[in-house]
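Counting from 1, one number per residue, gives the positions in the sequence shown under the working numbering. First up is the structure itself, then whatever we jot down about it.
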Amino acid sequence: MKIREFADFLRGEGYSESSVSTYIRAVEKFYVFLKFYNFKEKSFDSEKLVSFLSSSYRTPSSLRTALSGIRKYLWFAFGIKLRVSADFEEEFREFKLIDRQTLRKFLDVSARSRKKSVRAALVMMVYLGLKPSEISRLRRFSIKYIDKVPAIDEGKVKRLLIDREVVDVLREIEVDSVVSLSVNPESLKVSFFRLTGKEFSLMDFKENYAYRLLEKGLPVDIVVEFSGLPLDRVSYLYRLLFLKSKQEIIGEKLADA
């Protein structure tokens, strides 16, 4: 078995038993990840791997150690080089809740844009968490319906339109049931940061969209499909939403007991 051979290899290289044990645990989690997503050792999504591992490794340094073990294993067993982003802070940052009043403020400011396409794109970024590159791919599309619920369903770009504000702004530029967007991704980035400032990132808006889907009672797997967030991050938001409610209930029922 390759894992056992890998452990023997590490010992032969002079690694301590503690280090060998740490690396082997990481490799075992790697195989859980592969089975969960139905990936293979030579074909998997490294970003999803980082997200998956971040639910077990609670600090950037511990995650780096785990990835180091997996990297060594893949090179030893398959001659594969694992390449992942060196910045793991996104996986450990806290969720920032953006309330409806703040979203409305951004909506009102975006309405000042003279170009309807830019206005619509900014609203889609703020309410749906879509990236400029994703919006650029949506040059021409139709609003579709999933059992009377409006949605964008264009390949990898999938969003349920649960906010009336988004539907309204898309209807403004709809012609013969087709929404046409003419935007430059780089210019759109500049417009977005002028609109939102430094307080929130695009990922914050994407996570808040997923959070609103969870608030409406949608199951985690559907939220993953229609938010573009990985399963582990949606699961984190789910726990955040419903564990908080449980804490409040416990406080209400037992605080004066």
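Every residue gets a Cβ at the ideal spot worked out from N, C-alpha and C, and that includes glycine. Owing to the predicted nature of the structure, the values given are computational and were not obtained by experimental measurement.
* Report the three-state DSSP secondary structure of L160 (helix, strand or coil). => Three-state DSSP puts L160 in a strand.
* Boundaries of the alpha helix (DSSP H) in which P60 is found, first to last residue -> Annotation for P60: the continuous alpha helix (DSSP H) segment containing it runs P60 to F78.
* Classify F242 as helix, strand or coil using the three-state DSSP reduction. => If DSSP states are grouped into helix, strand and coil, F242 belongs with the helices.
* Asked: Apart from the five residues just before and just after F9, which ones in its own chain have a Cβ nearer than 7 Å to its Cβ?
  -> If you ignore the 5 residues before and after F9, its C-beta comes within less than 7 Å of the C-beta of F76, all in its own chain and listed in chain order.
* To do: Check each candidate in K40, S43 and R64 and name the one with the smallest Cα separation from V50.
  => If we check each option's Cα against that of V50, R64 comes out closest.
* Hey, which unbroken runs of the beta strand (DSSP E) at 3 residues or more fall wholly within the region 108 to 167? -> Qualifying beta strand (DSSP E) stretches, in chain order: 144 to 146, 149 to 154 and 157 to 160.
* From S201 to P230, what distance separates their C-alpha atoms? -> Each residue's Cα considered, the two are about 17 Å apart.
* To do: Please go through the same chain and pick out, in chain order, the residues whose beta-carbon is closer than 6 Å to the beta-carbon of L130, but skip the five residues on each side of it.
  => If we look at L130 and ignore the five residues flanking it on each side, its Cβ neighbours are M124.
* Asked: Can a CB atom of chain D be found closer than 8 Å to the CB of E47?
  -> Going by chain labels, chain D is absent from the structure shown, which holds only one protein chain.
* Can you check whether the CB of L188 is closer than 8 Å to the CB of P132? -> Going by C-beta atoms, P132 is nearer than 8 Å to L188.
* Asked: K40 by DSSP, collapsed to three states: which one?
  -> Here K40 sits in strand by DSSP.
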